[in-house]
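**Q** Pasting in a structure now, in C-alpha cells, and then I'll have a few things to ask.
Numbering (the UniProt record's numbering), first residue to last: 1 to 980.
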C-alpha cells in the first residue's frame, strides 16, 4: 500500500503537465419538454464513468470532462437522454416525461452511483426539504423523511440537537449516534447549531452494511452524508432568503390544582402553614399561571445571502447567514453567524477544489433533565398557584413552601456559551490522460471546534447561597477539539465488451482527533461584577478555594479500503467493499479489524420478458446485501489502557492505579443482511420501496464484573449480542401531474424489533438492571422493570400491587418486578401531501411513533402526597377518603411507591410537523421585475400533537422523563426567497 501511495504522488507531480487542454467544463440548463420549467436534481453523468453532477433549483449544471465524451441526463419521471459533447461548451437539454424512477445520482461519501446501480439501502433527502424549516439544528428536520430513521427532538431549547437512530439501538454502553460526514469530513453530532442548512445540497442516509461497511469501524450506527452546494458556470446568481417567525410553548398534559383547590387540599391535610381565614380569602384571589411567568413568545429571524457562478474553468459558491432566536423560556436564546466558500478550478487534467464553512454562535441556556427545585421548568409544575414572583414593591417574593423563587434563579443567574466551528477541506484530482477512466484524488480537511462557557450564580439567589462560602460563584470552561481527515484514492472506471462496466477504487485514509478541556470556578463574589473581577482570591482562612479541572484526549484511525462496482447489461449489478481499520483506542492485541460487504441488484424491468408490462411497470428492482461494520464510539480514548492518577498516602502525594488494562478490548461488530424491492408503476407516477433487514451486533461494550481481590469492581470488555430486525416501506405518488396542477403524496413506515440476544454480566445473573430499566436476554433493551399497580383497595384505601406469583398485595419487594414494556420505539414514520395550483402550493407533513412506554416522572412529583407543600395534580382530589370509595388514587397516608406501573404511559403521538403555504411568482412577472425567481411563504412547525401523554411532550429519547423538560416549540414563520 505504501508503494501505491508513492505511485499516486509520482503521478500527480510528473504527469500533471500533460493533456492540459483536454479537460474542460460543460454547462447548461435542463428543462421539461412539456412546459419548459426547470428540472432541479437531474443527474448528469459522463457515460461509462462515475463522474457526475446534478442540476440546481434552476435546472443548471456544470461538469468537468476530458476529451469529447457523451453526457447522460436522467431524472425521475423522464426519459433519459444522451448528448455527445463534441466541440460544445454549453449544452441545454429538454427532457420528455417517461418516468424512469431509479436514475438519480446517489452520493455515498467516497463514491457516487446512479440509483439503479445501488445495491444497499440508501435514502436521499433533498436540501429544499430541510433548508426552510425554522430550526437552529438541521438534524431535527429529518424527522419522518425516510423509513428506518428515528429522529427524536426532545428539547425545544435553542440550538439543541436531536437524537437520531438508524434502524434501532445497537449498543448498550456505547454510542448509538450515526456518523455525520460533510463533504468527506467527519463532523461532530452536537455542533449542528453552528451550521447553516441552506448551504447543503443533499443528504444521503446509509442504512445497511453494504452502504456503511466502507466506513469500517465508524459505520455500525449508520452514516449521514451531507453534500454542500457547489457553484455553476455562468454569470453570477444571487439568492436572498429571509424568515421571521414567532414561537409558543405547547400546553402541558398535566392538570394542576388552582388556588382554591390547592388551599382546600392543604386544609384537608391539617393546614400545615396555619392559614387564617384572612389569609385564605386573600390567597384565593391569586391564581398565578407559572407557565405565563416563565414562558414568553419566542422570536426567530433568519437571513441568508448566497452568490454562485464562474467561468468554464473556475466556479464558486459563497454564502453568509445570520440567525437570531429568542427562546420561549425567558433568558434563553441563540445567535448564529455562518459563512461558506466553495471553489473549484479546472486546469487541464487537474481539478482543484476548496470547501469551507465557519460558524459562530452565542447561546443562553437553562437547566434541563434535572430535579432541582430552583429549575424554572420544574417550578412551572411545582410552585403553588397562590404564590407570586414579585411582591407589591416589585421585589422577589419568598416562596412559602421554602423552595427558591425560580424566576429569581432564572433572571439573576446566567449560563452562556460561545461556540466557534470551522469545517473545510481542499482536494486535488488528476484525470490521467493516457488512461481514460483513471482518476487520482487526494483530499485533506478538518473539523475545528472551540467552546467557552460562563456560569454566574448571584450571591442573592438560592443557587449562589450554596456555592462554596455561600457568596455566589463565577466559572468558565474552555473546550477545544480538532479532527483532521486525509483521504487519497485511485479510481478506475471503464466499459468493455459492450455490456460490461467496472469501477474499482483504492483508498487510504487517516483520521486524528485531538481534544482539550479546562475549567475553573471562583467563589466569594463581591461588588457589581458578573465576571472574574468579582471573585475573592481563595486561601485557607477565607475558604474560597477555587475549583480547577480539565481533561484531554486524542485518538487516531488508519485505514485502507477498496470498492468494486460491476455492472452487466446495465441490468445486473455487484458492489463489493473491503476495509481494514487500525484504531488507537483499542487493546494491543486488537488494534486492527477487517470489514466488508457484498451487494447484488437486478433491474427486472429491463428484462425482455417484462416488455409486455412496460406500460404498467416502469421500473422494478430487486436487491440483496450482507456486510459488516464496527462501532468505536462511546468509550474513552484510553479505555484499553492502564491508567494512573494522583493519590495521597500518609499526607504525601503519589500514584494510584485508576483503571486496569484490557489488551483484548476491540470494536463492537455489526453484521447486517438486507433485501428489498423498488417499484415504479403507472408511468412513474407511483413509486414504492420495501426492505427487510436483520442485524446482529456482537462484542458489545459491557462492564465485566471482577473479583474484589483486583481492587476494581468491573472492566470494560466485549461481551453480549443485540439484534435489530425490521421492515421499511415507502410510497410516493403523483396523483395529478399537469402544467397547472400538481398533487403528490408520500408515506414512510418503519417497524423495528430490538432484542437482547446474549448477556454475560456475572455467573448466575445475566440481567443488567439500572434503576427502572432492565436488559434481559430475549427482551427488548431498555425494558421498563416495575411492579404492576392494580388499583386501590376500597376497604382501606391502600394501593394494591400484583406479586410475581399473581397474588395481590399492599406491600411488595424488588423480586415482584416484571417487564411492562420498552422505551425503544418499534413503529414510526411520516406522511404528507403537496398540492400546487399555478404557483400556489399547500403542503403538510405529519410524523408519528407508536409502541414505546414512558415513565412519567413529572406525574410522580405532582401526585406524591408527601410533596403537598408544593402544587399538586388534580388527580389527588380523587384520593380515597372512606371505606367503599372506588378510586385509583390511594389515601393520603398510604406509603407512596413510585417504581410501579401507575406512572407508565404510552409514548404514542401523531404530530403535524410542518404546514406550508407558498406562492411562486410566474416567470413572466419575474422577468418584468428583472428577477430570476420570487417565492413567498408562511409555514407552521409542530402546530398540533395528538397524544394521551400527560406532560409537555411525549417525544423523549429515554425511558423516563427524569426532570425539567424544555418543550418542543410551536412556530409560525413568514419567509421570502428572491433569486437575482
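All residues carry an ideal CB built from backbone N, CA and C; glycine is no exception. Here the structure is a predicted model, which means the values were calculated and not measured.
1. Please identify the residue among 952, 505, 975, 966 whose C-alpha is closest to the C-alpha of residue 252.
2. Out of 571, 46, 537, point me to the one whose CA is closest to residue 981's CA.
3. Residue 993 by DSSP, collapsed to three states: which one?
4. Please give the ranges of any alpha helix (DSSP H) in the segment 343 to 419, keeping only runs that are unbroken, at least 4 residues long and fully inside the region.
5. Between which two residues does the beta strand (DSSP E) containing residue 747 stretch?
6. Is residue 416 buried or exposed, if buried means 16 or more other CB atoms sit within 10 Å of its CB?
7. Could you pull out every residue in the same chain whose Cβ sits closer than 6 Å to the Cβ of residue 514, ignoring the five residues on either side in sequence?
8. Which residue comes first and which comes last in the alpha helix (DSSP H) that contains residue 291?
9. Can you check DSSP and say which residues form a bridge with residue 474?
10. Please name the residue or residues paired with residue 242 in a DSSP beta bridge.
11. Below 8 Å CB to CB, which residues in the same chain sit around residue 232 once its five sequence neighbours on both sides are set aside?
12. For residue 299, which residues of its own chain have a beta-carbon under 6 Å away from its beta-carbon, when the five flanking residues on both sides are left out?
13. With a floor of 3 residues, list each beta strand (DSSP E) that falls wholly inside the segment 240 to 277, ordered by position along the chain.
14. For my contact list, residue 506 and residue 490 are in at a C-beta cut-off of 8 Å; report their separation, rounded to the angstrom.
15. Return the residue from the list 313, 495, 340, 301 that minimises the CA-CA distance to residue 324.
16. Apart from the five residues on each side of it in sequence, which residues of its chain come closer than 6 Å, Cβ to Cβ, to residue 120?
17. How should residue 140 be labelled, buried or exposed, when 16 other C-beta atoms within 10 angstroms of its C-beta is the threshold for buried?
18. Here's the rule I'm using: 16 or more other beta-carbon atoms within 10 Å means buried, otherwise exposed. How should residue 206 be labelled?
19. Helix, strand or coil: how does DSSP classify residue 604 here?
20. If you draw a straight line from the alpha carbon of residue 426 to that of residue 196, how long is it in whole angstroms?
21. So, with DSSP's three-state summary, where would you put residue 889?
22. Any chance the segment 655 to 672 sits against the segment 682 to 691, with 3 or more Cβ pairs inside 8 Å?
23. Does residue 542 come out as helix, strand or coil in the three-state DSSP assignment?
24. Go through its chain and collect everything with a Cβ distance to residue 850's Cβ below 6 Å, but skip five positions before and after it.
25. Measure the Cβ-Cβ separation of residue 124 and residue 203 and say whether it is below 8 Å.
26. Leaving out five residues on either side along the sequence, give the residues of the same chain with a beta carbon under 6 Å from the beta carbon of residue 550.
27. Hey, could you find the ends of the beta strand (DSSP E) residue 707 is sitting in?
28. In three-state DSSP terms, what is residue 860?
29. Excluding the five sequence neighbours on either side, which residues of its own chain have a C-beta within less than 6 Å of the C-beta of residue 842, listed in chain order?
30. Please determine if the segment 368 to 387 and the segment 866 to 875 are in contact, where contact requires at least 3 C-beta pairs separated by less than 8 Å.
31. So, helix, strand or coil for residue 833, using DSSP?
32. Pull up the distance between the alpha-carbon of residue 764 and that of residue 703, whole angstroms please.
33. Between the beta-carbon of residue 912 and the beta-carbon of residue 846, is there less than 8 Å?
34. Runs of 3 residues minimum, wholly inside the segment 170 to 243: which ones carry the beta strand (DSSP E) assignment?
35. Taking one C-beta from the segment 166 to 185 and one from the segment 969 to 979 each time, how about it: are there three or more such pairs within less than 8 Å?
36. Identify which residue in 817, 799, 495 has its Cα closest to the Cα of residue 886.
**A** Reading off the structure:
1. By 1-based counting over the chain shown, the position of residue 252 is 252. Sorting 952, 505, 975, 966 by C-alpha distance to the C-alpha of residue 252 places 952 at the top.
2. There is simply no residue 981 to check, as the chain begins at 1 and stops at 980 in what is shown.
3. Shown here, the chain extends from 1 to 980; a query on residue 993 therefore has no answer.
4. Counting whole runs of 4 or more residues, the segment 343 to 419 contains the alpha helix (DSSP H) stretches 376 to 382, 406 to 412.
5. On the chain shown, residue 747 is found 747 positions in, with the first residue counted as 1. Residues 741 to 758.
6. As a first step, residue 416 is located in the chain shown; it is residue number 416 there, counting from the start. Burial call: exposed.
7. Along the chain shown, read from residue 1 onward, the residue named residue 514 stands at position 514. For residue 514, same chain residues with a beta-carbon under 6 Å away, outside a window of 5 residues either side, are 482, 554 in chain order.
8. Here the question's residue 291 lines up with position 291 in the chain shown. In the DSSP assignment, residue 291 falls within the alpha helix (DSSP H) that extends over 290 to 294.
9. Taking the first residue of the chain shown as 1, we reach residue 474 at position 474. Per DSSP, 456, 522.
10. Looking up residue 242 in the chain shown gives position 242. BP columns for residue 242 point to 303, 976.
11. The sequence position of residue 232 within the chain shown is 232, counting from 1. Cβ neighbours of residue 232 beyond the five flanking positions: 27, 56, 60, 61, 62, 308, 309, 310, 315.
12. If you number the chain shown from 1, residue 299 lands on position 299. The answer, listed in chain order, is 246, 326.
13. None, since the segment 240 to 277 contains no complete beta strand (DSSP E) of that length.
14. Taking the first residue of the chain shown as 1, we reach residue 506 at position 506. Taking the first residue of the chain shown as 1, we reach residue 490 at position 490. About 5 Å separates the two Cβ atoms, so the contact holds.
15. Stepping through the chain shown from its first residue, residue 324 is reached at position 324. Restricting attention to 313, 495, 340, 301, the CA atom closest to the CA of residue 324 is found in 301.
16. The count along the chain shown starts at 1 and reaches residue 120 at position 120. Residues 208, 210, 211, 599, 625 of the same chain have their beta carbon placed closer than 6 Å to that of residue 120, with the five preceding and five following residues left out of the count.
17. Here the question's residue 140 lines up with position 140 in the chain shown. With 16 or more other CB atoms across the displayed protein chains lying within 10 angstroms of its CB, residue 140 is buried.
18. Indexing the chain shown from 1 puts residue 206 at position 206. Result: buried.
19. For the purposes of this step, residue 604 is taken as the residue at position 604 of the chain shown. DSSP places residue 604 within a helical segment (H, G or I) once states are collapsed to three.
20. Start at 1 with the first residue of the chain shown, and residue 426 comes out as number 426. Start at 1 with the first residue of the chain shown, and residue 196 comes out as number 196. Between the alpha carbons of residue 426 and residue 196 lies a distance of about 20 Å.
21. To locate residue 889, count along the chain shown from 1; it is residue 889. In the structure shown, residue 889 sits in coil (DSSP, three-state: anything other than H, G, I, E or B).
22. No, the segment 655 to 672 does not touch the segment 682 to 691.
23. As a working note, residue 542 is residue 542 in the chain shown. Residue 542 carries a coil assignment under DSSP once its states are collapsed to helix, strand and coil.
24. Taking the chain shown and counting its residues from 1, one reaches residue 850 at position 850. The beta carbon of residue 850 sits closer than 6 Å to the beta carbons of 827, 908 from its chain, once the five residues preceding and following it are set aside; these are given in chain order.
25. Start at 1 with the first residue of the chain shown, and residue 124 comes out as number 124. Start at 1 with the first residue of the chain shown, and residue 203 comes out as number 203. For residue 124 and residue 203, yes; Cβs fall inside 8 Å.
26. Residue mapping note: residue 550 aligns to position 550 of the chain shown, counting from 1. Within its own chain, the residues whose Cβ lies closer than 6 Å to the Cβ of residue 550, once the five positions on either side in sequence are excluded, are 517, 518, listed in chain order.
27. Here residue 707 is taken as the residue at index 707 of the chain shown, counted from 1. No beta strand (DSSP E) contains residue 707, which DSSP labels as neither H nor E.
28. The count along the chain shown starts at 1 and reaches residue 860 at position 860. Note: residue 860 maps to helix in three-state DSSP.
29. Numbered from its first residue, the chain shown carries residue 842 at position 842. Annotation for residue 842: 835, 917 place their beta carbon closer than 6 Å to its own, counting only its chain and skipping 5 residues before and after.
30. The segment 368 to 387 is in contact with the segment 866 to 875.
31. Translated into the one-based positions of the chain shown, residue 833 becomes position 833. Three-state DSSP puts residue 833 in a strand.
32. Within the chain shown, residue 764 is the residue found at index 764, counting from 1. Within the chain shown, residue 703 is the residue found at index 703, counting from 1. Residue placement at residue 764 is flagged as unreliable, the pLDDT there being 49, under the threshold of 50; the coordinate-derived value follows with that caveat. Those two C-alpha atoms are separated by around 16 Å.
33. Locating residue 912 in the chain shown gives position 912, counting from the first residue. Locating residue 846 in the chain shown gives position 846, counting from the first residue. Between residue 912 and residue 846, the C-beta gap is smaller than 8 Å, which places the two residues in contact.
34. Those beta strand (DSSP E) runs which fall completely within the segment 170 to 243 and span 3+ residues are 179 to 182, 185 to 187, 200 to 206, 223 to 228.
35. Touching, no, given that fewer than three Cβ pairs across the two stretches are closer than 8 Å.
36. Taking the chain shown and counting its residues from 1, one reaches residue 886 at position 886. Here the closest residue by C-alpha is 799.
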